[in-house]
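Residue numbers (my numbering): 1 to 694.
Just so it is clear, CB atoms sit at the ideal spot from N, CA and C, and this is done for glycine as well.
Reviewing the structure listed below.
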């Protein structure tokens, strides 16, 4: 079944000939994943020429919009605003328009459509969700919000389950090659979630939606500019009862804002703030102990981020910016004892409190030596601390009785980096090279070099790409200090990766991108078994090799109808030592996606618009850890989602657009799961109304 599903999905995705979120130079044919990129996006988006304030963007004819979609500008790959066609590394942009057209409300759902990215959610909305790029773990995948690292010190990863898409300009996904600019955690790649900049006259919108399982979603947004001040913000609330018969409800209150104040044409001050407060019930909390549903376990997550930045142009050649940020996440879990919640004949209980903070700053300068030649130099500093306390049944590693574990940890991280960009042979060869030196108060220094090259061949509408990079992952606090497990002598994981590929455009209606990648990670941190299981510890005892290919084709069938998709084939192997049992977990060898989208304007009214899309995601067989702590094959799954919306465009007092929409999630598969022991939600229907004000 799994192999036949893979064959079917591969044939479907390749036959669709279209990428889900355009990797590399976009085809001349527009795609749902690429829309106009703002000239002044979020953090780290200014080029070495003075920024000019923009007027609001009115609705443009289809042909003008298609022209604007070509060659979007990205910042994550090089920390410098740069057309995607000039970059030798592999990067995908998921634009706000794609998110809005598909009514995607969580960042994880948007990332699941990106080539080479696998998202694993442990149950209903709000439950723990990890992201993996090219087979890397969540701890090897760096997540940025407006350029600020949000990976946790405790685990090294970041749970994106509660990160909403409100007020986003776009999501940039750099696959591989992140270590030389971003340091630890960027072995697999970088996900950068960028906020919308406010421009033009004040506008606002309200979204109200509801569906089965008592699902409710309310979103309010505002944006615009007054004089020299641009502003944007969003406030949303989501709640659901989930799909399990007991204790599966969750809610999420999220708010974000961004301010841009232009002191003059050369100086901009920016401010970013984001807050998430989520309550998530945990019906599968004791699944590993044979308890089918836990009616009491739940956790509360509170996340906040603040960032300030100033940027100044010294003439046309030198750009300097500096920023400071503060990130706090507080996780509180409570699992009281309940009848039936017996483990070895004793009622089970657990409480956890894990607050942690990261504060730091960044300073960098970009100097343009000549047209096509730029140098970036920067410095990063971070100060992290963590306080972890837990109490539970069977927590005492010696007696197996009730106990408590507490530990505190802190470290400082500092780094300097340099990158050069050059255009050779009259722009026929575009090269980038640089390195980063990281200092860590716990294990010393690491040097991470990288280079990339892009060769546009205009006669055949093809761009060749190649890159090499090194990176590392610093051990997480839990791996270093967690009582009876941590190992303070751990070394960082060290990686090296190269990839290469091409993008070819076939006129204005089709393109094809193919990429090969290979990565090796030494000193992989794994669990080393001991004579007694309670004494197992973390250790550097393995090596992992990953190779794979990504195919990202595109096709515009007719003006209103596009097809998009991607196929990833990946092979990951571990070489273990010291008795560890590490092996690839939740890494699918085959994955694919496809998107059929129809957009048509002026159907029944002069300014109306119909948008309809069907999204297909395939994740193949993969090894996974069972609830009995064994390794077994986890069956492939096929996920189909559909969305239809109708925007009327009837001008009313203060209202310039009215839209009704319906979204159906998981049309086909009622019994799949993304992680053993955590069934995925069944079919969910959500319908709502959106009003745009001006």
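Nonlocal neighbours in the same chain, by C-beta distance under 7 angstroms from residue i, ignoring five residues either side
i           : result
residue 407 : 388, 481, 482 and 483
residue 211 : 684, 685, 686 and 687
residue 285 : 294, 297 and 335
Other residues of its chain near residue i: CB distance less than 8 angstroms, five sequence neighbours each side excluded
i           : result
residue 472 : 179, 183, 184, 187, 438, 446, 448, 492, 493, 494 and 495
residue 666 : 639, 640, 641, 680, 681, 682, 683 and 684
Residue i - containing alpha helix (DSSP H), residue span
i           : result
residue 587 : Premise fails: residue 587 is in no alpha helix (DSSP H) and is neither H nor E.
residue 479 : 477-481
residue 107 : 107-111
residue 348 : Where residue 348 is concerned, there is no enclosing alpha helix (DSSP H), given that its DSSP letter is neither H nor E.
Same chain, Cβ closer than 6 angstroms to residue i, five either side skipped, listed in chain order
i           : result
residue 549 : 516 and 569
residue 289 : 343
residue 293 : 246 and 283
residue 273 : 257 and 306
residue 573 : 545
residue 198 : 223, 224, 225, 230, 231 and 232
residue 117 : 111 and 133
residue 380 : 362 and 415
DSSP-derived helix/strand/coil call for residue i
i           : result
residue 276 : strand
residue 310 : strand
residue 466 : strand
residue 174 : strand
residue 626 : coil
residue 559 : coil
residue 317 : coil
residue 150 : coil
residue 246 : coil
residue 682 : coil
residue 87  : coil
residue 77  : coil
residue 621 : coil
residue 442 : coil
residue 291 : coil
residue 122 : coil
residue 461 : coil
residue 139 : helix
residue 472 : strand
residue 19  : Interpretation of residue 19 is limited by its pLDDT of 33, a score under 50 that renders its predicted location unreliable; no figure is taken from the coordinates.
residue 231 : strand
Residue interval of the beta strand (DSSP E) (run including residue i)
i           : result
residue 132 : 129-133
residue 657 : 655-665
residue 97  : Looking at the DSSP string, residue 97 is not in any beta strand (DSSP E); the run it does join, the alpha helix (DSSP H), is 96-101.
residue 422 : 403-424
residue 180 : Per DSSP, residue 180 belongs to no beta strand (DSSP E); it is in the alpha helix (DSSP H), 179-182.
residue 204 : 203-211
residue 503 : 493-506
residue 380 : 373-392
residue 220 : 215-226
residue 517 : 510-528
Nearest to residue i (by Cα), restricted to the options the options
i           : options               : result
residue 251 : 242, 258, 259 and 129 : 242
residue 131 : 174, 370, 95 and 598  : 174
residue 275 : 266, 265, 259 and 235 : 235
residue 308 : 384, 148, 134 and 325 : 325
residue 253 : 240, 265 and 262      : 240
residue 320 : 378, 358 and 303      : 378
residue 360 : 147, 450, 677 and 518 : 147
residue 87  : 614, 128 and 428      : 428
residue 552 : 149, 259, 502 and 197 : 502
residue 526 : 614, 541 and 107      : 541
residue 204 : 424, 539, 219 and 589 : 219
residue 201 : 227, 142 and 195      : 227
residue 277 : 514, 238, 301 and 101 : 301
residue 425 : 418, 373 and 434      : 373
Distance cut-off 7 angstroms: residue i Cβ against heavy atoms of the ligand MG
i           : result
residue 650 : This structure lacks the ligand MG; in fact it carries no ligand of any kind.
Expected contact under 8 angstroms - CB spacing of residue i and residue j to nearest Å
i           : j           : result
residue 177 : residue 497 : 7 angstroms
residue 287 : residue 298 : Contact doesn't hold; Cβ gap of about 15 angstroms is too wide.
residue 206 : residue 99  : Incorrect: roughly 17 angstroms between the Cβ atoms, too far for contact.
residue 334 : residue 351 : 5 angstroms
residue 192 : residue 76  : 4 angstroms
residue 441 : residue 412 : 5 angstroms
residue 81  : residue 94  : That pair is no contact at about 18 angstroms.
residue 431 : residue 422 : 5 angstroms
residue 509 : residue 563 : Not a contact, Cβ separation roughly 11 angstroms.
residue 675 : residue 92  : In fact, because the Cβ distance is near 24 angstroms, the residues do not count as touching under 8 angstroms.
residue 604 : residue 655 : About 18 angstroms; that fails the 8 angstroms criterion.
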